[in-house]
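Asks:
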Amino acid sequence: MATYQEIRQMWADIGMDLEKHDEFLNSFPMVFKEILLSQQNRPQKMNYFSNVVKTVHGQRPYELYEFKQKGGKIFGTYCVYVPDEVLCALGAVTTGLCGGDEFWVPGGESVLPRNTCALIKSSLGSRLDRTSPFCQLADMYIGETTCDGKKKAWEILSQYKPMHIMDLPQMKRDQDVRRFAAEIWDLVKIAEDITGNKLTAENLSRSIRLINDKRRALQRLHSTRQASPVPISGKDALTVTQVAFYDDIQRFIDNTNVLCDELEERIARHEGVAPADAPRILVTGSPMALPNWKVHHLVESSGGAVVCEEMCTGTRYFENLVDETPTDLDGQILAIASRYMKTNCACFTTNSGRVDDIIRLVQDYRVDGVIDYALQFCGLYSIESHLVKAALQDRGIPFMHLETDYSPADSEQLQVRIQAFLEML
Ligand code: BJ8
668 MATYQEIRQM WADIGMDLEK HDEFLNSFPM VFKEILLSQQ NRPQKMNYFS
718 NVVKTVHGQR PYELYEFKQK GGKIFGTYCV YVPDEVLCAL GAVTTGLCGG
768 DEFWVPGGES VLPRNTCALI KSSLGSRLDR TSPFCQLADM YIGETTCDGK
818 KKAWEILSQY KPMHIMDLPQ MKRDQDVRRF AAEIWDLVKI AEDITGNKLT
868 AENLSRSIRL INDKRRALQR LHSTRQASPV PISGKDALTV TQVAFYDDIQ
918 RFIDNTNVLC DELEERIARH EGVAPADAPR ILVTGSPMAL PNWKVHHLVE
968 SSGGAVVCEE MCTGTRYFEN LVDETPTDLD GQILAIASRY MKTNCACFTT
1018 NSGRVDDIIR LVQDYRVDGV IDYALQFCGL YSIESHLVKA ALQDRGIPFM
1068 HLETDYSPAD SEQLQVRIQA FLEML
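Counting from 1, position 345 in the sequence shown corresponds to residue 1012 in our numbering; the numbering is continuous, with no gaps.
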């Protein structure tokens, strides 16, 4: 473990704004304690994940800092379409850079219109303010052509760091999958140049298995939430998924499986974190980057239990595995492209697979009501809400749409709406 002095020295070495970062650190523990640590009857093995969050700008960045000093390369990513498998196979580390904190929003607004989603403003703000060690440590940022806000944000971000943008097809025909495979090949060439390593069928096969293992651990964790009473809160389960974007992969797998052992024991004892009759809620929509626990906290402090997230910080991140059977590079890259193109982001037209997923998850997780969450100014998820609502209403599944940002200003108003929704279930 690095000492506080060593960590502070690292922050200075990587060019962070120490004064501004101290302001960030001063605001963070309060949110963390109030929202996460104050929960009753938390699984003991959540301690590992709480510690990762508590030291998120310290211990993990320090490991990456040491990794870089030995010549290692780091890629910062903003979307679950970036195939970690190829970067990991080349010996690089990937780390999520999406901002989930209100603290960074003003920094983002200094270069972006206010009517941009909080995730983009926060992501840019963390870089512009120089208050995220992950942004500072990355050798390259990888963006993608998903929503318009992100596409334009990359043009600004590329002024600060080498940036590669993956052209994500907007449809899911066979030719689109092949086109995405070609995009992955482009990424391979760039990453080979940066890392100085060569992609082989052997190193790619190892990393496909490793990243599938991470998904399998998350699948196991989330399947425990199908139990009633639910053995882990939505906030904790979401935190584990958020940590997956930063942590060392093997250590994350091991700790998630240890947590699952505890949760499965809880299920056997019929022990839960909420009463068995608490309304069970599925949250769907825009992703919730660390430390965005706002909606989960409002639901759970109103007596509901969030049992599933159909979002990129939820099932979309881990549901589909890469086929492990191809043994040559062409077959492996096509298998990776096929897997990623199954992710149902609202940037696709058509995106009926997302509605099918929600309906399936409502059954699997015995959901009483769906909260459709869109970050304010996220046109993709706000517009798609119309079709989600119609499909759920057709099936008699209670539905509520809400739009919000990272600010606590609307929390009271949202809580009233959420309470009314829960009472209706
Ligand atoms: S695959 S959801 S991670 S794009 S919330 S920035 S869409 S305006 S984050 Fe996303 Fe990839 Fe899709 Fe997932 Fe734009 Fe909407 Fe903001 Fe969003």
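Even glycine gets a Cβ: it sits at the ideal position worked out from N, Cα and C.
It should be emphasised that the depicted structure is a prediction, and the values quoted were computed from it without experimental measurement.
1) Which of the three DSSP states, helix, strand or coil, is assigned to Glu-850?
2) Are there 16 or more other CB atoms within 10 angstroms of the CB of Glu-811, so buried, or fewer, so exposed?
3) By Cβ distance, which residues of its chain are closer than 8 Å to Leu-703, with the 5 residues on each side in sequence left out?
4) Span of the alpha helix (DSSP H) holding Tyr-1007?
5) Hey, Pro-954 and Thr-923: beta-carbon distance below 8 Å or not?
6) Roughly how many whole angstroms lie between the Cα atoms of Gly-970 and Val-778?
7) Could you name each continuous alpha helix (DSSP H) segment of 4 residues or more that falls completely within the segment 768 to 839, going from the start of the chain to the end?
8) Can the beta-carbon of Gln-726 be found less than 8 Å from the beta-carbon of Ala-669?
9) If you drop the 5 nearest sequence neighbours on each side, which residues of the same chain put their C-beta closer than 7 Å to that of Ser-895?
10) Report buried or exposed for Glu-673, applying the criterion of at least 16 other Cβ atoms within 10 angstroms of its Cβ.
11) From Leu-871 to Thr-1071, what does the alpha carbon distance come to, in whole angstroms?
12) Could you name each continuous beta strand (DSSP E) segment of 3 residues or more that falls completely within the segment 910 to 956, going from the start of the chain to the end?
13) Specify whether the segment 723 to 738 and the segment 800 to 807 touch according to this definition: at least 3 beta carbon pairs, one from each stretch, less than 8 Å apart.
14) Under 8 Å, do Ala-911 and Arg-947 count as touching if we go by C-beta distance?
15) Measure from the alpha carbon of Trp-771 to the alpha carbon of each residue in Ile-934, Ala-759, Val-760, Cys-784, then state which is nearest.
16) State yes or no: is the C-beta of Gly-767 within less than 8 Å of the C-beta of Ala-956?
17) Distance, Cα to Cα, Gln-1082 vs Gly-738?
18) Would Leu-786 and Ile-823 be called neighbours here (beta carbons separated by less than 8 Å)?
19) Thinking just about the alpha-carbon of each residue, which of Asp-834, Arg-709, His-688, Tyr-729 is nearest to the one in Val-749?
20) Within the present structure, is the beta-carbon of Pro-954 separated from the nearest heavy atom of the ligand BJ8 by less than 7 Å?
21) When the distance is taken between beta carbons, is Ile-878 closer than 8 Å to Ile-916?
22) Helix, strand or coil for Leu-754, going by three-state DSSP, please let me know.
23) Counting Cβ pairs, one atom from each stretch, are 3 or more of them under 8 Å apart for the segment 999 to 1006 and the segment 844 to 862?
24) Looking at the strands, I want to know which residues DSSP matches up with Leu-1069.
25) Between which two residues does the alpha helix (DSSP H) containing Ile-1085 stretch?
26) For Ile-851 versus His-831, is the C-beta distance shorter than 8 Å?
27) I need the boundaries of the beta strand (DSSP E) containing Val-897, first residue and last residue.
28) When DSSP labels each residue in this structure, what does Ala-972 get in the three-state scheme?
29) Tell me which residues share the same chain as Lys-740 and place their Cβ nearer than 7 Å to its Cβ, disregarding the 5 neighbours each side in the sequence.
Replies: Per the coordinate set shown:
1) helix
2) buried
3) Closer than 8 Å at the Cβ level, and outside the excluded window around Leu-703, lie Ser-717, Val-720, Lys-902, Asp-903, Thr-906, Trp-960.
4) For Tyr-1007, the enclosing alpha helix (DSSP H) stretches over residues 996 to 1007.
5) no
6) 40 Å
7) The qualifying runs are 772 to 776, 785 to 795, 800 to 804, 815 to 824.
8) yes
9) Result list for Ser-895: Ala-943, Arg-1033, in chain order.
10) exposed
11) Between Leu-871 and Thr-1071, the C-alpha separation is close to 40 Å.
12) Fully enclosed beta strand (DSSP E) runs of 3 or longer: 947 to 952.
13) yes
14) no
15) Selection Ile-934, Ala-759, Val-760, Cys-784 evaluated against Trp-771 yields Cys-784 as nearest (Cα-Cα).
16) yes
17) 49 Å
18) Between Leu-786 and Ile-823, the gap from beta carbon to beta carbon reaches 8 Å or more.
19) Asp-834
20) yes
21) yes
22) helix
23) yes
24) Tyr-1040
25) Run containing Ile-1085: 1078 to 1091, per the alpha helix (DSSP H) assignment.
26) no
27) In the DSSP annotation of this structure, Val-897 is not part of any beta strand (DSSP E), being labelled neither H nor E.
28) strand
29) Ala-759, Asp-806, Ile-861, Thr-862
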